Structures are given as structure tokens and as C-alpha cells.
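Below is one structure, written out as C-alpha cells; comments come after it.
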Amino acid sequence: MFNRETYIARRQKLKEKISDGIILLLGNVDSPMNYADNTYYFRQDSTFLYFFGLDFQRLAAVIDTDTGEEIIFGDNVEIEDIIWMGPQVALKEKTEKVGVSKTEPYKILQQTVERAISAGRKIHFLPPYRAENKIVLNELLGISISKLKAYSSLELIRAIVALRSVKEEQEVAEIKKACAVGYQMHLTAMKMARAGVWEQNIAGTIEGIANSGGGMVSFPVILSQNGETLHNHDHSNTLQNGRLLLVDAGAEIGSHYASDFTRTVPVSGKFTAKQREIYEIVLAANNRGRELTKPGSTYLSVHLAAAEVIASGLKAIGLMKGDVKDAVANGAHALFMPHGLGHMLGLDVHDMEDLGQIYVGYDEDTRPMNQFGTAYLRMGRKLQPGFVITNEPGIYFIPALIEKWKAEKINTDFINFDRLESYLDFGGIRLEDDILVTEKGCEIIGDRIPITPDEVEDVMR
Ligand code: GLY
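Residues in the sequence shown are numbered from 0 upward in steps of one, following numbering that gives the first Met the number 0.
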């Protein structure tokens, strides 16, 4: 948790951005796994954490933008809770640490909201992503669950995106800590990777590292020798020599700031010439992406420049052909990289994705492209100092996609389909760093996880 002035200042900025009415922000509640008392790990809502810092269940907050009043709704624990959970800090003591002096029992939230509705005041709320909070909003506002998103406040979404997108120094320091845990996770995976090892064994070990750092993984570990499947959560294979192991994993530390890295290593400990050739292209795209990341540039343009590096590299080894710029303009590179270059990172691994990707990753000047591949780019808009984003190009050989494009004669001017036959069992390579946009350019956050082929082979040795 940061100091109380941090939260007071953030809420003040939020109030200044909202013209009138009340802002209603809901914290999360425990969610049952298989019966009511056996719950999933509790994860507070990130926006609630950003403005109130309180990492506890069943809280809500109302900010009156006209009077400036702030109220936190929640309940003190009963003696039964103390017996099971131990002594608990009183709600008032918690809220004072974040600069909120007024608290009310949770049940009072209903009448506070009803009073505002009766007075014809605007209620600004965010699109809910948890079933429990959809029910709470439905009961508070009388809006049917299927319409809650449509009635959520665009003004509030835009205000929050503007504030959370630019990270404070203290937030970057937290992300750096998450990156340090991520570094250890990836180094351990590299050292464990060898023929005969069960993927789950590595996945479980690195998840434990995130956990032993006081947090958890920032998303379910992606780890597979079938790295051509972009988000492969199946860890059932036994590693085989000749294959590549792709690991996409990061940590969320106790403050809930996240890291997200991908590395790809040869199971045998040594890249074959064919693997090294493709790997070097992905590494060049990653480095080019970082070189071009600076304030004023759009991340869409950086994505397209990285795509050109990929198309040009694949052309040099005979897998693509034709003019590189035309190839990228036609989306031909997306046969090999059918995803975007990166996304925002912060309190969420895909920061603020719950608020709507269109508001987080795009603006009036930069609109999403609907071309296959680039359509998946989560972050396209103009960069500003303080943005934290991922830089994660990749090359994948996805047999079903190659088969489809070949059969449907898609981009035949740019793809040498016959040469791809010998790559169908190649897998995929992705290389991902977390970067901070600075005044002049950008920097990798924390120590860079070994990335050149030689560095990777050294670690594996
Ligand atoms: N690294 C996983 C993701 O970006 O979805």
C-alpha cells in the first residue's frame, strides 16, 4: 500500500475529471470454488486498489463529485470471524490509512444510491466483470444484468484510463519488483528445461516462485513445447530433444503490480541452425520494437515496424517473398505472427482490460485495424512517458492456419507455401520484455532476462 497522500491525490484528480453526479466503485468479494467456504484466492479489483488501496473483501465506495464527500461502505468483523481469522483491524482504522474518514455499514449503500437516483443524479459505475458484482449493481441500480455494460459511464472509464495509464514512479518501482520475481521464474524454467522433464513440473515450480515472493502468478502460466499455440495452458507433455520450449509467465506481487515475460529455449540446450535462424528474426523484431518505442509514436506503428522485420527476415530465408511493405500492408506476416506486439501492464497484466480495450489501447487518432493479426493488437495508441507496455513479437508455424491459407490461396504473392512443409513441426518462438516509456525513448524494466541465443545456451549449460 502507498501512503495516504497518494490515494487522496488520485481521488482528487478523478473528481476533477468527472463533471457531476456520484462515482460508485465496487471492491470484489470472495468467490466460491466448490462450496461457499472454499474460495478462490481473493483478488481485489484493480481500480478499487488504485483509488483506495484497501485489499479486503466486500467494500464499496461512493465519491460525490459535487460535494467532494467520500464514503467507504463495509462491515466490521464479528466475534465468529475473529475466532476463525484472528484479530482484525477495524474498518475505520483501515480507511483512515487511505485518507477516507467516513465509513458506513455495507447495507447503507443501497439507500445512498437510491437517494442519488431519486434526486435525478448521474451514477457513474464501471462495466462489471465479476458475476457477484453484476448482481450487486443489478440490485442497486435496477438495471438488468445484460444491460449493465451499456449503461456504465464512459466519462468515468476515460478518466480512469487517463490516470492509470501513466504510472507514478512508485508504481514503476513495484512493477520492477514484479519483474525481479519474473526473472527468477524464467531463469529457473531455463535451467530445468531438458529432455524427459514433464512440462507441469516446470510450470508448478515457477508458479511456486511467484507464490513464495508473497504474491501469485499474474496469469495462468503458458508453458509448452507446442509453442505455436499462442496461449497453451496444457502442460502435459514430456520435453523432447529437438523441440523448443516456450514459457510465457509473470508474477503479481503483494501490491498486485504485475510482470509478464516470454522466453523460448531449445530443450536440448543448444539451438539447431534452423531454430537459431528463426529465433534471430524474432529477437531482431523485439529489439526494433524497443528502439522505436518513444513518446509521440503510436504503438500501432511500432507493431507494424516489428512485423516488417519479421517479414523481411522470413523473406531472407525463403519463407516469404515479394515486397516487404506490401506484404505487411496485406497482413501476410500474420500467418506467422497472428497477434499484437503488446499491451499495457500495471495492476493488471493486461492493464485495465476490464474497462474496454478500445479505451485503453486506442484513441480518436489511432483506431484499431480489423485485419487478421493486427486486429489482436491490444495497445495501438500514441505513447506517453510513464506508459508500461509489453514488447512481444513472435513467429509461429501453426499447421491448421498454414493449411487454411494454402487451401484458400490467401496471400500467395507473399508466402512460399511449399517451403513451409518442413516447418510444420517447428513450434513457435515469442520473446517478451516489459518496457517503460521514458521522456526520450524507453527502457527495459529491471534486468533483462537472458535473451540472445548464446546467453540462453549459457544459462542452460
Ligand atoms: N502474456 C500473456 C498475455 O499477454 O496474454
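Note that the Cβ used here is the ideal one computed from N, Cα and C, for glycine as well. Values in this document were obtained by computation on a predicted structure and should not be read as measured data.
What number of angstroms, rounded off, separates the C-alpha of residue 449 from the C-alpha of residue 348? 21 Å
Just verifying my parser: in three-state terms, what is the DSSP assignment at residue 389? strand
Residue 342 - DSSP class collapsed to helix/strand/coil: coil
Tell me which residues share the same chain as residue 102 and place their Cβ nearer than 8 Å to its Cβ, disregarding the 5 neighbours each side in the sequence. Correct list, in chain order: 70, 71, 72, 73, 90, 91, 94.
In whole angstroms, what separates the C-alpha of residue 30 from that of residue 41? 8 Å
Check your reading: residues with Cβ closer than 5 Å to the ligand GLY heavy atoms: Matched residues: 247, 259.
Can you tell me the Cα-Cα spacing of residue 44 and residue 162, whole angstroms? 16 Å
Would you call the stretch 119 to 126 and the stretch 8 to 24 touching, i.e. three or more CB-CB distances under 8 Å? yes
Would residue 308 and residue 326 be called neighbours here (beta carbons separated by less than 7 Å)? no
Report the three-state DSSP secondary structure of residue 47 (helix, strand or coil). helix
Using the C-alpha atoms, what's the distance from residue 433 back to residue 441? 10 Å
In three-state DSSP terms, what is residue 413? coil
From the DSSP output, in three-state form, read off residue 66 for me. If DSSP states are grouped into helix, strand and coil, residue 66 belongs with coil.
Determine which residues share a DSSP beta bridge with residue 251 and list them. Partner(s): 215, 257.
Residues bridged to residue 223 (per DSSP): 245
Distance check for residue 337 and residue 487, CA to CA, integer angstroms please. With the chain covering 0 to 460 only, the question about residue 487 has no answer from this structure.
Look up residue 436 in the DSSP assignment and give the residues it is bridged to. Answer is 441, bridged to residue 436.
Please classify residue 398: does DSSP put it in a helix, a strand, or coil? helix
Please classify residue 25: does DSSP put it in a helix, a strand, or coil? strand
Go through its chain and collect everything with a Cβ distance to residue 48's Cβ below 7 Å, but skip five positions before and after it. 54, 255, 346
Quick one, which of 26, 46, 367, 7 has its alpha-carbon nearest residue 67's? 7
Return the chain-ordered ranges of every alpha helix (DSSP H) run that is complete within the stretch 157 to 219 and spans a minimum of 4 residues. 168 to 191, 198 to 211
Should residue 292 and residue 429 be called a contact, given that it needs their Cβ atoms to be closer than 7 Å? no
Pair within 7 Å by beta-carbon distance, residue 3 and residue 50: no
Among 88, 419, 115, 412, which has the Cα closest to the Cα of residue 401? 419
First through last residue of the beta strand (DSSP E) which encompasses residue 34: 31 to 34
Around the Cβ of residue 392, are there at least 16 other Cβ atoms within 10 angstroms (buried) or fewer (exposed)? Residue 392 comes out buried.
How would you label residue 84, buried or exposed, when you count the other beta carbons within 10 angstroms and need 16 or more for buried? The residue is exposed, with fewer than 16 neighbouring Cβ atoms inside 10 Å.
Compare the C-alpha of residue 334 against each of 350, 436, 409, 287 and name the closest. Out of 350, 436, 409, 287, 409 has the C-alpha closest to the C-alpha of residue 334.
Which of helix, strand or coil does DSSP assign to residue 448? coil
Do residue 180 and residue 250 come within 7 Å of each other at the CB atom, strictly closer than that value? yes
Under 7 Å between C-beta atoms of residue 445 and residue 175: yes
Per the contact definition of three or more C-beta pairs closer than 8 Å, is the stretch 311 to 331 in contact with the stretch 286 to 302? In short, these stretches do not touch, since the Cβ pair count stays below three.
Give a yes or no on whether the C-beta atoms belonging to residue 248 and residue 201 are separated by under 7 Å. no
Which residues in the same chain have their Cβ closer than 6 Å to the Cβ of residue 438, if we skip the five residues on either side of it in sequence? 384
Unbroken beta strand (DSSP E) run spanning residue 429, endpoints: 427 to 429
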